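K.L.:
Residue numbers (the working numbering): 115 to 415.
(1) Identify the continuous beta strand (DSSP E) that holds residue 139 and give its terminal residues.
(2) When you compare only the Cα positions, how much space is there between residue 162 and residue 171?
(3) Please work out which residues of its chain come closer than 6 Å, Cβ to Cβ, to residue 321, disregarding the five sequence neighbours upstream and downstream, and give them in chain order.
(4) Considering only residues of the same chain and omitting the five flanking positions on each side of residue 164, which have a CB-CB separation below 8 Å?
(5) Between the Cα of residue 214 and the Cα atoms of 166, 181 and 265, which residue gives the shortest distance?
(6) Could you pull out every residue in the same chain whose Cβ sits closer than 6 Å to the Cβ of residue 337, ignoring the five residues on either side in sequence?
(7) Inspect the CB distances between the region 270-281 and the region 319-334 and report whether three or more fall short of 8 Å.
(8) Is residue 331 close to the ligand FAD? I mean its beta-carbon at under 7 Å from any heavy atom of the ligand.
(9) With DSSP collapsed to three states, give me the class of residue 115.
(10) Three or more C-beta pairs under 8 Å: does that hold for the region 277-285 against the region 366-385?
(11) Would the region 366-375 and the region 282-301 be scored as touching if the rule is three or more Cβ pairs under 8 Å?
(12) Could you tell me the alpha carbon to alpha carbon distance between residue 135 and residue 173, rounded to whole angstroms?
(13) Starting from the C-beta of residue 116, find all residues in its chain whose C-beta is less than 7 Å away, skip the five residues before and the five after it, and write them out in chain order.
(14) Does residue 362 come out as helix, strand or coil in the three-state DSSP assignment?
(15) Along the alpha helix (DSSP H) that carries residue 277, what are the first and last residues, could you check?
(16) Considering residue 234, what are the terminal residues of the alpha helix (DSSP H) in which it resides?
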């Protein structure tokens with residue numbers, strides 16, 4: 115560890131080396147010239163060799179002094195950068211925040227929050243991990259992610275959260291299906307069609323939402339196929355294999371061959387929350403949450 119007195123004497127040495135004048139260096143440092151001269155002589159005694167050649171008319175660096183000047187100047191620049199970066203991390207302005215996100219969160223305001231965060235904290239890095247909402251909850255508890263954009267009905271235990279978005283549920287049917295000519299459908303009508311949907315293991319939060327919604331209407335869907343990821347699910351619908359239920363945020367990105375329908379009696383909504391653990395809250399994570407809160411309160415700001 116660098117002793118504070120050595121750090122100060124190194125700064126004094128650099129000032130004299132840059133100006134080649136004890137008088138100018140003392141003025142620049144704001145100290146008396148005799149005190150500066152004593153510090154330099156003490157530094158030379160510590161090193162055991164002279165750093166400057168002195169005369170009544172000029173001051174010059176010795177070969178050893180020139181070497182020390184080059185190395186010490188770079189070292190001080192690095193140390194200054196290190197202090198600045200450490201301060202930025204402590205203030206939540208720098209570092210890395212690991213963010214989990216689900217398929218359902220990707221089409222919502224998540225990207226806007228990340229972009230705004232990067233604007234306000236340009237030195238910070240954001241790591242993104244695609245995880246199911248249930249996997250995010252586990253990752254938060256294990257400390258492998260700092261934040262999670264997840265379905266609100268999955269966040270649990272010691273986790274805190276703020277609401278990010280709310281979307282209505284819709285039906286998706288093949289464009290070739292007879293229902294594609296309609297604008298809406300009921301859950302009871304949907305129960306008469308083959309249904310493809312996300313797996314209970316990877317889509318647990320969504321399946322819970324759909325199951326609660328259909329149970330409230332006394333309806334059981336005819337699930338004939340399950341898929342882990344969304345592209346496969348959409349391809350099954352597009353090919354005419356079955357119909358499905360998603361949230362309305364996916365409408366703008368639907369591929370050709372799929373028709374969205376309103377579900378008349380669907381009262382449930384898909385709510386996305388930003389979740390974290392208070393006992394794993396770094397200044398940078400707190401800053402990310404603050405940016406998210408500001409953006410949700412003022413979405414057009």
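From the three backbone atoms N, C-alpha and C, an ideal C-beta is built for every residue, glycine too.
Fair warning: this is a prediction, and the values are worked out from it, not measured in the lab.
P.N.:
The structure says:
(1) Judged by DSSP secondary structure, residue 139 falls outside any beta strand (DSSP E) and instead within the alpha helix (DSSP H) spanning 136-143.
(2) Straight-line Cα distance between these residues: approximately 25 Å.
(3) Here the set comprises 314.
(4) Scanning its chain for C-beta atoms nearer than 8 Å, with the 5 sequence neighbours on each side dropped, one finds around residue 164 the residues 158, 176, 178 and 179, in chain order.
(5) With distances taken between Cα atoms, residue 214 lies closest to 265.
(6) If we look at residue 337 and ignore the five residues flanking it on each side, its Cβ neighbours are 309 and 311.
(7) The region 270-281 is not in contact with the region 319-334.
(8) Judged by which ligands are present, the structure shown has none, so any question about the ligand FAD falls away.
(9) In this prediction, residue 115 has a pLDDT of 43, which is less than 50 and means its spatial position is unreliable; what the coordinates show is noted afterwards. DSSP places residue 115 in coil when its eight states are reduced to three.
(10) Contact between the region 277-285 and the region 366-385 is present, because at least three Cβ pairs lie under 8 Å.
(11) Taking a cut-off of 8 Å on C-beta distances, the region 366-375 touches the region 282-301, as three or more cross pairs fall below it.
(12) In this structure, the straight-line span from the alpha carbon of residue 135 to that of residue 173 is close to 6 Å.
(13) A caution first: residue 116 carries a pLDDT of 47, below 50, which makes its placement in the model unreliable, though a value can still be read off. Sequence-distant partners of residue 116 (beyond 5 residues in either direction) whose C-beta falls short of 7 Å from its own C-beta are missing from its chain.
(14) Residue state for residue 362 is assigned as helix, using DSSP reduced to three classes.
(15) Unbroken run through residue 277 is the beta strand (DSSP E), 273-288; no alpha helix (DSSP H).
(16) Element bounds for residue 234: 224-234.
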